[in-house]
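Inspection log for the structure reproduced underneath, given as structure tokens.
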Amino acid sequence: METEHNRIQALRDSAVMLYSPEAIHAALDRMAADIEAAVAGTVPVVLVVLTGGIIPAGHILTRLSFPLEIDYLHATRYRGNTRGEQDVEWACESRIPLEGRTVLVIDDILDEGNTLQTVTDYCHRSGASRVCTAVLIEKHHDRRLPGVSADVVGLGVEDRYVFGFGMDYMGYLRNLNGIYALGPEQA
Numbered sequence: 009m010e011t012e013h014n015r016i017q018a019l020r021d022s023a024v025m026l027y028s029p030e031a032i033h034a035a036l037d038r039m040a041a042d043i044e045a046a047v048a049g050t051v052p053v054v055l056v057v058l059t060g061g062i063i064p065a066g067h068i069l070t071r072l073s074f075p076l077e078i079d080y081l082h083a084t085r086y087r088g089n090t091r092g093e094q095d096v097e098w099a100c101e102s103r104i105p106l107e108g109r110t111v112l113v114i115d116d117i118l119d120e121g122n123t124l125q126t127v128t129d130y131c132h133r134s135g136a137s138r139v140c141t142a143v144l145i146e147k148h149h150d151r152r153l154p155g156v157s158a159d160v161v162g163l164g165v166e167d168r169y170v171f172g173f174g175m176d177y178m179g180y181l182r183n184l185n186g187i188y189a190l191g192p193e194q195a
């Protein structure tokens with residue numbers, strides 16, 4: 009395990025910071041204001057997409073002043089790897105009934121859109137009257153599924169492997185208080 013620690017620490021030490029904690033918190037403030045406007049007058053169910061959505065959602069939720077219910081679901085394509093599988097794996101669905109409800113989905117990143125599309129489809133199939141999506145990071149590239157976008161986006165990044173503030177590198181480094189990309193020697 010010490011070898012693994014050294015490997016991950018070396019990767020962390022050579023990483024390039026893309027967004028500082030201050031920049032992320034400013035984006036979270038903007039996101040919260042956009043969410044407040046988007047779901048005004050409703051009592052939404054907030055669905056946090058595990059595992060990456062935990063940290064952004066925790067920060068966003070403390071900025072919201074309206075009544076809401078919180079639940080989670082676990083849908084993933086990465087399964088601890090640096091490349092996503094085509095199919096989304098479901099580990100847990102929402103326990104709160106979504107029938108007739110406004111649902112706010114919070115996730116860490118919008119990359120190709122498979123996970124976000126699968127989750128929004130699930131919400132609609134479960135009877136949600138409206139689904140609003142929020143992601144901390146939107147990756148800019150041309151591999152996105154047609155028609156998939158987030159309603160609220162915090163920050164954008166180039167097509168690089170990013171981690172920190174909820175996003176991981178092979179299961180590690182989600183806890184970093186910043187958003188990083190692999191350094192030139194790892195990319």
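Numbered per my numbering, the sequence shown spans residues 9 to 195.
Here a beta-carbon is modelled for each residue, glycine too, at the ideal position from N, C-alpha and C.
Give the straight-line distance between the Cα atoms of leucine 55 and isoleucine 32, rounded to the nearest whole angstrom. 21 Å
Quick test of your reading: leucine 153 and tyrosine 169, contact by CB under 8 Å. State the CB separation rounded to the nearest angstrom. Not confirmed; about 19 Å, so no contact.
Does leucine 144 come out as helix, strand or coil in the three-state DSSP assignment? strand
Kindly list the residues whose CB is nearer than 7 Å to the CB of leucine 72, restricted to its own chain and excluding five residues on each side of it in sequence; keep chain order. Ala40, Ile43, Glu44
Do valine 139 and valine 57 have their C-beta atoms within less than 8 Å of each other? no
Separation of aspartate 176 from glutamate 146, as counted between CA atoms: 15 Å
Here's the rule: buried if 16 or more other CB atoms are within 10 angstroms of the residue's CB, otherwise exposed. What is phenylalanine 74? exposed
For the beta strand (DSSP E) containing alanine 189, list its first residue and its last residue. 187-189
Span separating the alpha-carbon of valine 143 from that of tyrosine 80: 15 Å
DSSP state of tyrosine 130, grouped into three classes? helix
Coarse secondary structure for alanine 136, derived from DSSP in three states: coil
Inter-residue Cα distance where the pair is arginine 182 and isoleucine 16: 12 Å
Rounded to a whole number of angstroms, what is the C-alpha to C-alpha distance between valine 24 and phenylalanine 171? 10 Å
Whose C-alpha, out of Ala83, Glu166, Arg20, Val160, is nearest the C-alpha of arginine 38? Val160
Quick check on aspartate 116: does DSSP put it in helix, strand or coil? strand
Counting C-beta neighbours from all protein chains within 10 Å, is the total for cysteine 100 16 or more, i.e. buried, or is it exposed? exposed
Status (buried if at least 16 other CB within 10 Å, exposed otherwise) for aspartate 150: exposed
Let's test the definition: count the other Cβ atoms within 10 Å of the Cβ of valine 47 and tell me whether it reaches 16, buried, or not, exposed. buried
From Ser102, Gly162, Asp115, pick the residue whose C-alpha is nearest to that of glycine 135; which is it? Ser102
Going by DSSP in three states, glycine 61 sits in which element: helix, strand or coil? coil
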